[in-house]
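The structure appears right after this line, and notes come after that.
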Amino acid sequence: MASKFGLAGGIPERRVRPIWDAIDSRQFKNALKHSTSLLAKCPNSPYALALKSLILERMGKSDEALSVCLNAKDLLYKNDSLLMDDLTLSTLQIVFQRLDRLDLATGCYEYACSKFPSNLDLMMGLFNCYVREYSFVKQQQTAIKMYKLVGEERFLLWAVCSIQLQVFCGNGGEKLAMLAEGLLKKHVASHSLHEPEALIVYISILEQQARYGDALEILSGKLGSLLIIEVDKLRIQGKLLARSGDYATGADIYEKILELCPDDWECFLHYLGCLLEDGSSWSNGVHNDPINPQKSVDCKVSQLPDEVFHSRISTSLAFVKKLQADTSDDFIRCPYLAILEIERRKKLHGKGNDDDIVEALMLYFLKFGHLASFSSDVEAFLQVLTPDKKTEFLAKLMKTLDSPATVPTKALGQSITIFKIQELTGNLYKLPCAWCVFLLHTYTCLPYATSKLHNPLKLESCAVQMVKMYCKSLPLSKDLDPQESMHGEELLSMVCNVLVQLFWRTRHLGYFIEAIMVLEFGLTIRRYIWQYKILLLHLYSHLGVISLAYEWYKSLDMKNILMETVSHHILPQMLASPLWGDLNNLLKDYLKFMDDHFRESADLTFLAYRHRNYSKVIEFVQFKERLQRSNQYLVARVETSVLQLKQNADNIEEEEDVLKNLNSGVHFVELSNEIGSKTLTFNEDFHSRPWWTPTTEKNYLLGPFEGLSYCPKENLTKEREENVRRVVEKKSLLPRMIYLSIHSASASLKESVEENGSKSGSKISSELKFLLEHHAKMLGYSLSDAVEVVMGVSSGVKSFEAFGSDEIDWINFAVFLNAWNLNSHEPLQPDRDQCSRGIWHVVDTLLVKYISEKIKSMESLVCSPRVDLPILVQLVTEPLAWHGLVIQSCVRSSLPSGKKKKKGGSMDRHSSLVLNGVRDSIQSLCDILKEVAKWIRGQIDRPEDESVENILSSLRKKEQDEGPGRVFHVLESLIPSINEAEHGGRICQELKTWSALDVARKIVTGDSTLLSQFLNICESKIKSFQALKQQIAQI
Amino acid sequence: MTTIRRFSCNDLLRFASVNLDHLTETFNMSFYMTYLARWPDYFHVADGPGNKVMGYIMGKVEGQGESWHGHVTAVTVATEYRRQQLAKKLMNLLEEISDKIDKAYFVDLFVRASNTPAIKMYEKLGYVIYRRVLRYYSGEEDGLDMRKALSRDVEKKSIIPLKRPITPDELEYD
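Protein chains in written order, with UniProt numbering: chain A, 1 to 1035; chain B, 1 to 174.
Printed below as a string of structure tokens:
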């Protein structure tokens, strides 16, 4: 850099360096001082000015920075004698970029390049500008210019990548691929290629055009030697051969790869695909949906004649057996699992039978049954078995335990695997649990009576046996480092699953609390187990103690890209919670991560260009687009604004500031209109979710027990897509509807007071009506029918059931309908007679009735989960809050303002009717909020010890009793028997800190924390309504 | 059952089950993407059946002269796939690339001095403790710089342990 400094607009380096040093050490004031003295000496140096603008921008003075930067740019343009050096330009570029004015930066480089058309540095700078702007065509043109100038391979590849980007991410047609190919071909003929990545790009362009033969020829020619790792080359060859339909040669290639990498499962699937002449595994790429890939490879039923099919299958079997014989590594599983895949294909072809699959499963179990990955390895193969065969397989598994593995950890691993297979097949919940007794006996050598085998114990006993096995296995982990996962950890997750199932069946909260205790206990022994934390997070969420759920979420330290894939565990619950501060942090951190990435991504793309990793260029651009289309990102953007509106709803002036910053909600209406045509991406990783809530929208525990365990979990992405669209479409109308409602309310009173009907009033009215129609349509009704529903429910003619699960949307609709009606001269229901007061009353009634119903339905925490709490919170913080704003707007407009004094006592009929409605509304909302507050206080004020005792009492059971508490009893009775010799010092130490009482107390305190926050919200609203009451009394 | 292939951006959306582990750091995007953009051959993922991420390794190649070396920035394996020698496979791959393609002299890595299980594993793979870096981890915990010589370092000069510990600012590379 030193030499470059010397060239910076002719300023000596010694003068510039102190400025850079100060900037680097973030001493901006000092930097500015140096910059001022530099400018005194060189007032017309664009570089000196650029530096000043950089400092100003860093100091947060954006406007000043822009103006100085524009000055520098003007000077640069004006003074022809000055050098257009890259350092000045890149400094300007940095500032313009940070000021979100990429266009100005590009303009500078375009100008510079037009003045010095053969300066490569400037052209690279310009290319970089186009990369930042995602202008693929201009990138291509600039790269071609550079290529023509110096003939370097890399610039040609920059152009080719820019062309590919037009095809993949732009509007470029297929002809462009031909153009790219032509360019490469010509270059290869004269200069050959020197970079492996260039070859990969060349091949992929041919592949895009289905020119597999040509690609293969190139690969096997001289250029092929660019790929140093043999397997990499073979993989490409195999794929090209298969895609060209030359399956026979393809199979040979894949054999070669498997000989080199015998554990490569994907390669084996390709091999089998080639043998059976089935190309599905190449067309159905992993990359179509990287987050929710298919569990088993999609394959077509083979069209081969039976004879050929048999011979191919024999070939594959012989090859796999050979691989088995050739590998001595005990950890190589592929050649063994391969047998299962071959049997599966046979079955799909109608030539296999379940017995062979079961036998292959057994063989695989005998070799790898102790591994934690066994059940996920075989999951896809279990799915093809009939229920009877699954049971038969399980029976065979049990039999193996007659002679369990001699190594204790292996024996434990096998036993856990059997439990997992039972869970996976759903049999855990159907089988008589005598299986468990049998299993436990084998592992722990506990005495058991054979007769018990035929005595179907209950599911609960299964959990008891699992937890006993867990206790029994603890000594195996005595010497492990606390950072290492312990043997048998999975058992407690499975116990939790069974207990939740029991809760679902019996509705006995004791089981639910027990599940919590089991996991908390496990985390006391080793606090790093994320699987337990996620389960606990969901248990606490369902219980209604979201504050504790959030604590566990925080302990997972989810950051960066994990916020995109993992925050679904907490975000939806938080959106409906009163923990606004925490929710705000959650949304802010997530959006910051995403926006930072969008800002940086182009520079990283350019880095890939510079380092000649061309395939990464395409990958980066596609990835950025994928994140930009993330459904969660969209939801978070809308919800951040809704949160701000909720937080400020008690003060109309503050709310108006929020709305102003949201451009009165106009952008969100546009978003709502566009959402239907947008392709959304779903990047959430749902694998770690518990069975009872496999996606954010589903919670099976809310419904009645249906005799299912929902294992294995379904892939529900498609179903979600529709739902997310609907949510975003509706939610993004909110800001605008709130804005229009406030204005509609004030216009209605102003107009009547001023008696000169304003145009803006009717504009507002027609826009609001349009949005109401839209809103009604989203609820599945026409406007008039929706009005009828709302009226019907309010008057009691219809029940709340009419709202379905969209209750909040319906009541919001009623609120905005009322606001529109205030300023509309159209009758609500043309064929009915009604007075203005009618609709005020409807909204009040709906809110009051619904809120009181929710309060009544909620028992204390220790009786049942508070599943209605989120709805109650939403009712108060959304529709009630928006209605409050309409009221505030009415009151404000009715108050005598300084200049325009209303004629004393001459209020017209409309205004007085409205104000009567407002008065009644304030009274009834205030009353209902007081009731909510009273309910909350009632909960908070319960003696803590009493609540704690209630929680614990549901668990105090003796082992022999049935009902909740048996599992917990096993854990508690472990503690006295713990000793250092057997369990090791660490486990003993940790267990000393265990206290069920502390956990119960934590639940009660967590509940109070949450409710206190809700109480604060209610009290603030009550205060605001009381103030309004006083104001209105003066009118 | 390990298909080891180059790591791609989409794998960032799939690696949650690996990164939820408390010892696996989730870096910011520019960190991952810089590695992908500069050293794609040093960033690999291992896929298991059902397209599950079993683990991954990220690293780079850097240095001058005889300190031209491969560096392991992170290697991690999902809980479900531990105790199957997957980390060894991933490490061997990075060593092979450093050795055969980039002709490096050695491979090095940093590990928390308290992370005994990891240190033991690296020792089994042929790494030796080259030197201690005082307060390397957030200014609190010492780091151990471990090295393994490659074929180009015929005399194994690169792994002769340094006698004294060093401070992070004495490190040649980040």
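All C-beta atoms in this analysis are idealised placements derived from N, C-alpha and C, irrespective of residue type, glycine included. Computed from a predicted structure; not experimentally measured.
Considered as a whole, the region 51 to 136 of chain B harbours 86 to 96, 116 to 124 as its complete alpha helix (DSSP H) runs of no fewer than 4 residues, in chain order.
For the 8 Å CB-CB criterion, GLU174 of chain A and ILE205 of chain A do not form a contact. Boundaries around HIS44 of chain B are those of the beta strand (DSSP E), 43 to 48, since no alpha helix (DSSP H) includes it. Interface annotation for the region 6 to 27 of chain B against chain A: SER8, CYS9, ASN10, ASP11, LEU12, LEU13, ARG14, ALA16, SER17, ASN19, LEU20, ASP21, HIS22, LEU23, THR26, PHE27, criterion Cβ-Cβ distance under 8 Å. Of the residues A:SER45, A:GLN93, A:CYS42, the one whose Cα lies closest to the Cα of GLU57 of chain A is A:GLN93. Residue state for GLU141 of chain B is assigned as strand, using DSSP reduced to three classes. For the region 581 to 601 of chain A, the set of positions with a beta-carbon nearer than 7 Å to some beta-carbon of chain B reads HIS597, GLU600 in chain order. Against LEU371 of chain A, the close residues of chain B are GLU80, TYR81, ARG83, GLN84, in the order they occur along the chain (beta-carbon pairs closer than 9 Å). Taking 8 Å as the CB threshold, ASN115 of chain B lines the interface with chain A.
The beta carbon of ASN648 of chain A lies closer than 8 Å to those of GLU654, GLU655, ASP657, VAL658 in the same chain, with the five residues before and after it left out.
By the criterion of a C-beta distance shorter than 8 Å, TRP68 of chain B is surrounded in its chain by VAL61, GLU62, ASP102, LYS103, ALA104, TYR105, once the five residues flanking it on both sides are discounted. Residues of the region 147 to 161 of chain B with a Cβ closer than 7 Å to any Cβ of chain A: none.
Chain order gives the chain A residues near ILE101 of chain B as ILE228, where near means a beta carbon separation below 7 Å.
For THR3 of chain B, the enclosing beta strand (DSSP E) starts and ends at 3 to 6. For ALA37 of chain B, a Cβ of chain A is located within less than 8 Å of the residue's own Cβ. If only uninterrupted alpha helix (DSSP H) runs of at least 4 residues are considered, those enclosed by the region 158 to 217 of chain A are 175 to 191, 196 to 208. Neighbours of ALA608 of chain A in chain B, taken as residues at a C-beta separation under 7 Å, are given in chain order as ALA37. TYR470 of chain A has its alpha-carbon roughly 18 Å from the corresponding atom of ALA405 of chain A.
Under the Cβ distance rule, ALA177 of chain A does not count among the residues neighbouring chain B, no pair being separated by less than 8 Å.
Taking the beta carbon of VAL635 of chain A as reference, no residue of chain B falls within 8 Å; the closest one sits roughly 17 Å away.
Under DSSP, MET146 of chain B shares a beta bridge with B:LEU109, B:ILE129. Distance from SER744 of chain A to TRP820 of chain A at the Cβ level is roughly 6 Å; contact confirmed, criterion being Cβ atoms closer than 8 Å. Shown in chain order are the members of the region 38 to 57 of chain B whose Cβ falls below 9 Å from a Cβ of chain A: ARG38, TRP39, PRO40, ASP41, ASP47, GLY48, PRO49, GLY50, ASN51, LYS52, MET54. Secondary structure of ILE529 of chain A (DSSP, three-state): coil.
Using beta-carbon distances, TRP691 of chain A does not count as an interface residue toward chain B, since no partner is under 8 Å. In the DSSP annotation of this structure, the continuous segment of the alpha helix (DSSP H) that includes VAL948 of chain A starts and ends at 944 to 953. Within the region 309 to 355 of chain A, the runs of alpha helix (DSSP H) that reach at least 4 residues and sit entirely inside it are, in chain order, 334 to 348.
For ILE166 of chain B, DSSP records a beta bridge to B:VAL133. Ranking A:ARG345, A:TRP265, A:PHE512 by CA distance to the CA of ARG333 of chain A puts A:TRP265 first.
Rounded to the nearest angstrom, the gap between the Cα atoms of VAL384 of chain A and LEU474 of chain A is 36 Å. Annotated as distal: LEU51 of chain A and SER25 of chain A, with beta-carbon spacing of 8 Å or more. Per DSSP, ASP557 of chain A lies in no alpha helix (DSSP H) segment and is marked neither H nor E.
VAL566 of chain A reaches chain B at ALA16, LEU20, counting residues in chain order whose Cβ is nearer than 8 Å. Here ARG211 of chain A is buried: its Cβ has 16 or more other Cβ atoms, across all protein chains shown, within 10 Å.
As for any alpha helix (DSSP H) of minimum length 4 sitting wholly inside the UniProt repeat "TPR" (231 to 264) of chain A, the runs are 247 to 260, ordered along the chain. Per the coordinates, the alpha-carbon of PHE15 of chain B lies some 39 Å from the alpha-carbon of ASP402 of chain A.
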